[in-house]
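Below is one structure, written out as structure tokens, with a few remarks after it.
Protein chains in written order, with my numbering: chain V, 1 to 115; chain Y, 1 to 114.
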């Protein structure tokens, strides 16, 4: 059974703290993605990685960085958390390439609150 | 630019049909997708359609594609309370690294009334 796990379901942090969100997949997928989900805005891509140590900016990378040192693990880092980063964060993984088999597998999400 | 739009809410009675609509912008998308997000969970692929098809049926689900108008719809027949969820349409876009990224719509929250 395919699995994407995220380190926390709920997280509360203070403004200015450095925050790490971890994602692990067990499907040997090349691609991994970080999204944030906000009501009325859908899913917005923050960063993605298509190979170990490789990354590309998504649509809203400001205030975030990522790290992929191992194929199965993709970390999202908030260098200095701000209240406007309060959101649901979703991690996903997929194989390379397009087509119908290009399904993204999602983790359950981390609801981050920055106070 | 890349934009996928959906209405935010839909409410139907149990047993009725639900129709969720989506408009997309990238006419080069080869496949278009519908994902479902149940409460407290991540998204799961529901179905997809190849861009040279007009319609695809999969049990209670019917996907209609109007490529000229860039309009995609998902019809759920005999809607059940378990269908209550957020539904996202999505298209893929090739990126410079040779891989593909998804462009997701805003999501439609379907509420099924018993």
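Note that CB positions come from ideal geometry on N, CA and C, so glycine has one too.
| Query | Result |
| --- | --- |
| Interface residues of chain Y facing residue 103 (chain V) [CB-CB closer than 7 Å] | 45 |
| Exposure label - residue 5 (chain Y); buried when at least 16 CB within 10 Å | exposed |
| Residue nearest to residue 28 (chain Y) in terms of C-alpha spacing, selected from Y:70, Y:107, Y:79, Y:60 | Y:70 |
| Of the residues Y:73, Y:111, Y:114, Y:105, the one placed nearest residue 38 (chain V), counting alpha carbons only | Y:105 |
| Counted within 10 angstroms of its Cβ, other Cβ atoms place residue 187 (chain Y) as buried (16 or more) or exposed | Outside the modelled stretch of chain Y, which goes from 1 to 114, sits residue 187 (chain Y), for which no answer is possible. |
| Interface residues of the region 69-95 of chain Y facing chain V [CB-CB below 8 Å] | 88, 92, 94, 95 |
| Check whether residue 64 (chain V) and residue 45 (chain V) have beta carbons under 8 Å apart | no |
| Proximal residues to residue 37 (chain Y) (C-beta, below 8 Å), its chain only, five neighbours per side dropped | 43, 44, 85, 86, 87, 88, 107 |
| Cβ neighbours of residue 115 (chain V) in the same chain (closer than 8 Å, five flanking residues each side left out) | 12, 13, 14, 15, 83 |
| Option nearest residue 109 (chain V) by Cα separation, candidates Y:47, Y:80, Y:83, Y:39 | Y:39 |
| DSSP state of residue 57 (chain Y) mapped onto helix, strand, coil | strand |
| Helix, strand or coil at residue 83 (chain V) according to DSSP, with G and I counted as helix | helix |
| Min CB distance residue 25 (chain Y) to chain V below 8 Å | no |
| Top-ranked residue by Cα proximity to residue 94 (chain V), from V:33, V:61, V:74, V:81 | V:33 |
| Neighbour flag for residue 71 (chain V) against chain Y, beta carbons, 8 Å | no |
| Contacts of residue 104 (chain Y) in chain V (Cβ-Cβ under 7 Å) | 42, 43 |
| For residue 42 (chain Y), three-class secondary structure by DSSP | coil |
| Heavy atom of the ligand SAH within 7 Å of residue 40 (chain Y) beta-carbon | The model on display carries no ligand, and the ligand SAH is accordingly not part of it. |
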